[in-house]
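Asker: Pasting a structure below so you can have a look.
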Amino acid sequence: MNDGPYKSSAKSVTARALAVLAAFDVETPLLTLSQLARKAGLPVATVYRLAGELEDGRFLDRDNAGRYGLGVRLWEMGLLTPVHGRLRETAMPFLLNLQYECRETVQLAVCDGTNAIYIEKLTSETSVPIQSRIGARIPLHATGIGKALLAFSSDDFTEAILAMPLTQFTPETISDRRVLLRQLAQIRQRGYSVSHQEYSLGSSSLAAPVMVNGSVQAAIGIVSYELRTDLTQYAPALLGAAKSLAQRLEDAVGVAYPSIKDVPPDPAAAAEPLRGAS
1 MNDGPYKSSA KSVTARALAV LAAFDVETPL LTLSQLARKA GLPVATVYRL
51 AGELEDGRFL DRDNAGRYGL GVRLWEMGLL TPVHGRLRET AMPFLLNLQY
101 ECRETVQLAV CDGTNAIYIE KLTSETSVPI QSRIGARIPL HATGIGKALL
151 AFSSDDFTEA ILAMPLTQFT PETISDRRVL LRQLAQIRQR GYSVSHQEYS
201 LGSSSLAAPV MVNGSVQAAI GIVSYELRTD LTQYAPALLG AAKSLAQRLE
251 DAVGVAYPSI KDVPPDPAAA AEPLRGAS
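One point on numbering: in the UniProt record's numbering, the residue at position 259 of the sequence shown is 259, and numbering is uninterrupted.
If you want it as structure tokens, here you go:
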């Protein structure tokens, strides 16, 4: 979700419905009618009508206390997005193999706007901070997986990111533009990034880009929350996973859902037109 609610001066029903749906976020997954109206920036009467229609369509759900939340229909639609049907499901076997080898948390992220966003996470046996949840947005300059994405992005995009204020999250965060440029050059040279306590204290990470036809599509990261300094021992396995995923995605160009492209057709469905033929 976006950091703030959807704001629009448009009067269309579509704009108002989007404002209602965009009012929900991680901090407020359940909202009363008045809270929903306030966050959407719409009159209570308008939100009452829209929320009822969205609930009828299963885009919203309402609990016994009368609070609204996002409905199952949105989840079903989310499964049809390229991030899930193409990238996330295709990546899963490679992520599982990598997690089995390193026994640490393994993450998959893509670049979205000026941030990276986690789209998959396989958790280790140790506890994981909340910022590691699927759907969390993280800075590109202060995380291993973010730097792997940034280092292999276009020069124009990298320059735009580095021209922005670089937030200092911990004493280890690199916020000096020149230092970060040198680090990105090193990442491109060796093919993976290393980060140590730059975003959250106590964490270390190793990440590599997923390059599809010369363009970075995602990044795979290994994260430890035990101050490990030996994660580079898994660099060969990490690079292998990233390369294998990239090859799988290249082979499946033009296929919306590579994970189901080999499923045989339903014989009953295939015979349906014949039953209606004259």
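Note that CB positions come from ideal geometry on N, CA and C, so glycine has one too.
All values reported here derive from a predicted model rather than from experimental measurement.
May I have the straight-line CA-CA distance separating Lys7 from Arg38, to the nearest angstrom?
Answerer: Low confidence applies to Lys7: its pLDDT is 49, below 50, so where it sits in the model is not reliable, and the reading given next is rough at best. The straight-line gap from Cα to Cα measures roughly 12 Å.
Asker: Taking the alpha-carbon positions, what's the Leu231 to Ala22 distance?
Answerer: Cα-Cα distance, rounded: 39 Å.
Asker: Within this structure, are the beta carbons of Ala241 and Ile222 separated by less than 7 Å?
Answerer: No; because the gap between Cβ atoms is not below 7 Å, this pair is not in contact.
Asker: Here's the rule: buried if 16 or more other CB atoms are within 10 angstroms of the residue's CB, otherwise exposed. What is Ile119?
Answerer: With 16 or more other Cβ atoms within 10 Å, it is buried.
Asker: Ala208 and Leu238 - do their beta-carbons sit closer together than 7 Å?
Answerer: Yes, the Cβ-Cβ distance between Leu238 and Ala208 is below 7 Å.
Asker: Closest to Arg88 by C-alpha separation, out of Thr28, Asp56, Leu201 and Leu122, would be which residue?
Answerer: Looking at the Cα atoms, Leu122 is the closest of the given residues.
Asker: For Ser34, which residues of its own chain have a beta-carbon under 7 Å away from its beta-carbon, when the five flanking residues on both sides are left out?
Answerer: Hits under 7 Å: Val44.
Asker: At the level of alpha carbons, what is the spacing between Ala235 and Arg137?
Answerer: Their backbone Cα atoms lie some 24 Å apart in a straight line.
Asker: Ala246 to Ser200, Cα distance in whole Å?
Answerer: Rounded to whole angstroms, Ala246 to Ser200 spans 29 Å at the Cα level.
Asker: Beta carbon of Leu150, beta carbon of Leu140: below 7 Å?
Answerer: For Leu150 and Leu140, yes; Cβs fall inside 7 Å.
Asker: Within the 7 Å Cβ cut-off, does Asp230 reach chain C?
Answerer: No chain C appears in this structure, which consists of one protein chain only.
Asker: Nearest-angstrom Cα distance between Arg86 and Ile145?
Answerer: Distance between the alpha carbons of Arg86 and Ile145: 20 Å.
Asker: For Ser193, which of Ala148, Ile161, Leu42 and Glu159 has the nearest alpha-carbon?
Answerer: Ranking Ala148, Ile161, Leu42 and Glu159 by Cα distance to Ser193 puts Ala148 first.
Asker: Per the DSSP calculation, Ile138 is bridged to which residue(s)?
Answerer: Answer is Ala116, bridged to Ile138.
Asker: I'd like to check one pair, Ser204 with Arg228: are the Cβ atoms closer than 7 Å?
Answerer: Yes; because the gap between Cβ atoms is below 7 Å, this pair is in contact.
Asker: Taking buried to mean at least 16 other C-beta atoms within 10 Å of its own C-beta, is Ala160 buried or exposed?
Answerer: Exposed, by the Cβ-count rule.
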